[in-house]
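Visitor: My questions all concern the structure below.
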Amino acid sequence: MAERLSPLGAAFRPGMHGGPGAGPGVRLSEVTPPSIMEATAWPGRKGALAEAISAVTGLSLSARPNAGAVSAEASAFSIAPERFLVCGGAELPARLAAAITIETGTVVDLSHGRTALRIAGPRAEWVLSKLFAVDVAPAAFPVAEARATSHHEIFAQIQRTGPDQFDIFVFRSFARAFWTMLCDAAEEVGYEAAG
Amino acid sequence: MLISCPYCGPRDLSEFSYQGDASRMRPDAASTDIKAWHDYVYNRPNPAGPHREYWQHTAGCRAHLIVTRDTLTHEIHEVTFARAALRAVGGRP
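Residue numbers (this note's numbering), protein chains in the order written: chain A, 1 to 195; chain B, 1001 to 1093.
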């Protein structure tokens, strides 16, 4: 398998940037997991798909719209009426493909096609609400849930992975442009770019 | 203009793509009825009022939708998944 390089290149500048000077408002990092898969259920089979993903990853995944689940080893979230994005270790694609039978649905390995960027910290909601027309308040967007939306033409799938932490999945070829814009948006609150 | 996606909830118009008139029914593929095909391809009622339309939530969940929109006021009367609506009429657009 080809070795993956970070798509951020020279746009990734570690350290503290911007802000009023009283510590960073957010921390930005790339958190692309070893494997990213899109699992799709046949019509009416989303519950069975959620069970199959849960059995392989140890997550407790629901078939509800926007539902998700997070653990130390894996994460998964619903991105469409019959679809989940599933993240985990390097061995996960083979195990997931074996667990999702042809009667349930299909799975496609997107590990080399998506980049995950994490924004965390007390001002994460503020920065995200400048970029996306979705409600990011905890009552409207609880931990583990996900939203599929876009920033202008950059398609983004966002999972809230902590009270003040979001993982944003973008197409790999857009990752550097999106990262640069995320840095610009975080400039006013101060940000720390970390590996 | 906001469209309430049945999966995602209310989202801005910019996330959606218009996919055409959903009020017409395609003739059977084996049909040689020239008038039926002509009406299907060219004739549009162009109503001033509620209109059934295909939309896709391209920048969200990517689902195809059937939206009933008022062409005078842009009021959205109803949004459903296109797949469910098509199944009700035998799966033909």
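Think of the CB as a built atom: it goes at the ideal place given N, C-alpha and C, for glycine as much as any other residue.
Who pairs with Pro1010/B in a beta bridge, going by DSSP?
Guide: For the purposes of this step, residue 1010/B is taken as residue 10 along the second sequence, with counting starting at 1. Its beta-bridge partners are Ser1004/B.
Visitor: Could you pull the DSSP bridge partners for Gln1056/B from this structure?
Guide: Here residue 1056/B refers to the residue found at position 56 of the second sequence. DSSP, once it has assigned bridges, lists Ser1017/B, His1064/B as partnering Gln1056/B.
Visitor: Hey, would you say Cys1005/B sits closer than 8 Å to His1077/B, going by beta carbons?
Guide: Taking the second sequence and counting its residues from 1, one reaches residue 1005/B at position 5. Taking the second sequence and counting its residues from 1, one reaches residue 1077/B at position 77. Not in contact: Cys1005/B and His1077/B (Cβ atoms no closer than 8 Å).
Visitor: Per DSSP, Gly68/A forms a beta bridge with which residues?
Guide: Stepping through the first sequence from its first residue, residue 68/A is reached at position 68. According to DSSP, which records beta bridges pairwise, Gly68/A is partnered with Phe77/A.
Visitor: Whole angstroms is fine: what's the gap from Ala67/A's alpha carbon to Ala146/A's?
Guide: Along the first sequence, one-based indexing puts residue 67/A at 67. Along the first sequence, one-based indexing puts residue 146/A at 146. C-alpha separation (whole angstroms): 6 Å.
Visitor: Are Ile119/A and Ile168/A close, meaning C-beta to C-beta below 8 Å?
Guide: Taking the first sequence and counting its residues from 1, the one referred to as residue 119/A is at position 119. Taking the first sequence and counting its residues from 1, the one referred to as residue 168/A is at position 168. Cβ atoms of Ile119/A and Ile168/A: closer than 8 Å.
Visitor: What separation, rounded to the nearest whole angstrom, lies between the Cα atoms of Ala139/A and Cys1008/B?
Guide: In the first sequence, counting from the first residue as 1, residue 139/A sits at position 139. In the second sequence, counting from the first residue as 1, residue 1008/B sits at position 8. Annotation: Ala139/A to Cys1008/B spans about 16 Å, alpha carbon to alpha carbon.
Visitor: Can you check DSSP and say which residues form a bridge with Val1089/B?
Guide: By 1-based counting over the second sequence, the position of residue 1089/B is 89. None, per the DSSP bridge assignment.
Visitor: Do Ala1048/B and Thr1073/B have their C-beta atoms within less than 8 Å of each other?
Guide: Along the second sequence, read from residue 1 onward, the residue named residue 1048/B stands at position 48. Along the second sequence, read from residue 1 onward, the residue named residue 1073/B stands at position 73. With contacts defined by Cβ atoms closer than 8 Å, Ala1048/B and Thr1073/B do not form a contacting pair.
Visitor: Between the stretch 1020-1035 of chain B and the stretch 42-55 of chain A, do three or more beta carbon pairs fall short of 8 Å?
Guide: These segments do not touch.
Visitor: Is there a Cβ from chain A that is less than 8 Å from the Cβ of Tyr1054/B?
Guide: In the second sequence, residue 1054/B corresponds to position 54, counting from 1. Not closer than 8 Å to any Cβ of chain A, the Cβ of Tyr1054/B fails to qualify, so no.
Visitor: Applying a beta-carbon distance threshold of less than 8 Å, which residues of chain A neighbour Ala1063/B?
Guide: Here the question's residue 1063/B lines up with position 63 in the second sequence. The contacting residues are Ala80, Pro81.
Visitor: How do the stretch 87-95 of chain A and the stretch 33-42 of chain A stand: do at least 3 beta-carbon pairs fall below 8 Å, yes or no?
Guide: yes
Visitor: According to the neighbour-count rule (16 or more other Cβ atoms, all chains shown, within 10 Å of its Cβ), is Gly195/A buried or exposed?
Guide: Residue numbering aside, residue 195/A sits at position 195 when the first sequence is read from its first letter. Burial state of Gly195/A is exposed, judged by a 10 Å Cβ sphere holding fewer than 16 other Cβ atoms.
Visitor: What are the partner residues of Thr106/A, as DSSP defines its beta bridges?
Guide: The residue labelled residue 106/A in the question sits at position 106 within the first sequence. Note: Thr106/A sits in a beta bridge opposite Thr40/A.
Visitor: Taking only three categories from DSSP, how would you classify Phe272/A?
Guide: Beyond the ends of chain A as shown, which are 1 and 195, falls residue 272/A; an answer cannot be given.
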